[in-house]
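Asker: Please find one structure pasted underneath; my questions will follow.
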Amino acid sequence: MVYAIADRYELPDLKRLAKNKFLETTNHISSNNEFAEMTRAVFSTMPDHDMGLREGTIDLYTNNIQVLMAQSEIAAAVMDNNKISSMLMTNMVQSATRMSIAYNEL
Numbered sequence: 072m073v074y075a076i077a078d079r080y081e082l083p084d085l086k087r088l089a090k091n092k093f094l095e096t097t098n099h100i101s102s103n104n105e106f107a108e109m110t111r112a113v114f115s116t117m118p119d120h121d122m123g124l125r126e127g128t129i130d131l132y133t134n135n136i137q138v139l140m141a142q143s144e145i146a147a148a149v150m151d152n153n154k155i156s157s158m159l160m161t162n163m164v165q166s167a168t169r170m171s172i173a174y175n176e177l
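Residue numbering for the sequence shown follows the working numbering, starting at 72 and increasing by one per position.
Have a look at this one:
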């Protein structure tokens, strides 16, 4: 994985490019199994300190939660990994808080 190599050799520009390409690719995943496997790979192969792909993946879930979690393979990938579940819940709470603040400012 290019992203992991860029992380290992501390190449921030390559890391950013790899992250952007990775996130673009997720829009073209053709099956639920592929998406579930991608999610598992991001959370099992990247070091805990590196949040780049993890945050991008969690943002995808947050923005498409109803569609993604309705798929049993994807829901299992989330539920089987505490890191994914925790980050997803935190991101959803933060998103709801931002929306509430914006609404109250109207």
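We put the CB at the ideal spot given by N, CA and C, even for glycine.
Here the structure is a predicted model, which means the values were calculated and not measured.
1) Alpha carbon to alpha carbon, how far is Asn-134 from Arg-125?
2) Determine, using beta-carbon pairs with one atom in the stretch 107–116 and one in the stretch 134–153, whether at least three such pairs fall under 8 Å.
3) Mapping DSSP to helix, strand and coil, what is Ile-129?
4) Report buried or exposed for Tyr-132, applying the criterion of at least 16 other Cβ atoms within 10 angstroms of its Cβ.
5) Taking the CB atoms as reference points, tell me whether Thr-128 and Val-113 lie closer together than 7 Å.
6) How would you write the range of the alpha helix (DSSP H) that Gln-142 sits in, first residue to last?
7) Can you tell me whether DSSP reads Asn-103 as helix, strand or coil?
8) Am I right that Lys-90 and Gly-123 are in contact with their C-beta atoms under 8 Å? What's the rounded C-beta distance?
Answerer: Well, looking at it:
1) Sequence index remark: in the sequence shown, residue 134 carries index 63 (1-based). Sequence index remark: in the sequence shown, residue 125 carries index 54 (1-based). Approximately 14 Å between the Cα atoms of the pair.
2) Segments in contact, yes.
3) Position 58 of the sequence shown, counted from the first residue, corresponds to residue 129. In the structure shown, Ile-129 sits in a helix (DSSP, three-state: H, G or I).
4) Position 61 of the sequence shown, counted from the start, is the residue given in the question as residue 132. Buried, by the Cβ-count rule.
5) For the purposes of this step, residue 128 is taken as residue 57 along the sequence shown, with counting starting at 1. For the purposes of this step, residue 113 is taken as residue 42 along the sequence shown, with counting starting at 1. Yes, these two residues count as a Cβ contact at 7 Å.
6) Counting from 1 along the sequence shown, the entry for residue 142 is found at position 71. No alpha helix (DSSP H) contains Gln-142, which DSSP labels as neither H nor E.
7) As a working note, residue 103 is residue 32 in the sequence shown. Helix, per DSSP.
8) For the purposes of this step, residue 90 is taken as residue 19 along the sequence shown, with counting starting at 1. For the purposes of this step, residue 123 is taken as residue 52 along the sequence shown, with counting starting at 1. Contact annotation, Lys-90 with Gly-123: C-beta distance approximately 5 Å; criterion of less than 8 Å satisfied.
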